[in-house]
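J.: The structure is given below, and queries will be raised subsequently.
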């Protein structure tokens, strides 16, 4: 059973940026907006991120780093933190998934799962 003190839910949505993409050069630019909601009972700080990016050809790239967009936000219960970032890929479709490593106010470390979501150039589907 999941400990409700440490319940942080993540939602992500991607947008294709046609104006910055060049499909003939295998350049596909996306932004993605991530919302991190603290649905637990204890404040939690985001320490690290891990992303697994799988491109349309099955290639996998892993990204590890501190915080998000230069921040390590603390999110109090009932609040959320939203940020937007970007990815430049060589395929018109990809998926991203991963987790955020969090620390609760009581010092407990836990992971908030980032559910898989799709990055897609709408023109790639026929």
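Residue numbers (this note's numbering): 6 to 131.
All C-beta atoms, glycine included, are put in the ideal place defined by N, C-alpha and C.
For clarity, every value in this text was computed on a predicted model and none was experimentally measured.
Drop a sphere of 10 angstroms on the beta-carbon of residue 129, count the other beta-carbons inside from all chains shown, and report buried for 16 or more, exposed for fewer.
T.: exposed
J.: List in chain order: all unbroken beta strand (DSSP E) runs of 3+ residues lying wholly within the segment 16 to 91.
T.: 33 to 43, 49 to 60, 65 to 71
J.: Quick one, are the C-beta atoms of residue 114 and residue 98 less than 8 angstroms apart?
T.: no
J.: Take every Cβ of the segment 11 to 23, pair it with every Cβ of the segment 56 to 63, and state whether three or more of those distances are shorter than 8 angstroms.
T.: Verdict: no, contact absent.
J.: Checking 8 angstroms against the spacing of the C-beta atoms, do residue 94 and residue 77 come in under that value?
T.: no
J.: With distances taken between CB atoms, is the gap from residue 32 to residue 24 smaller than 8 angstroms?
T.: No.
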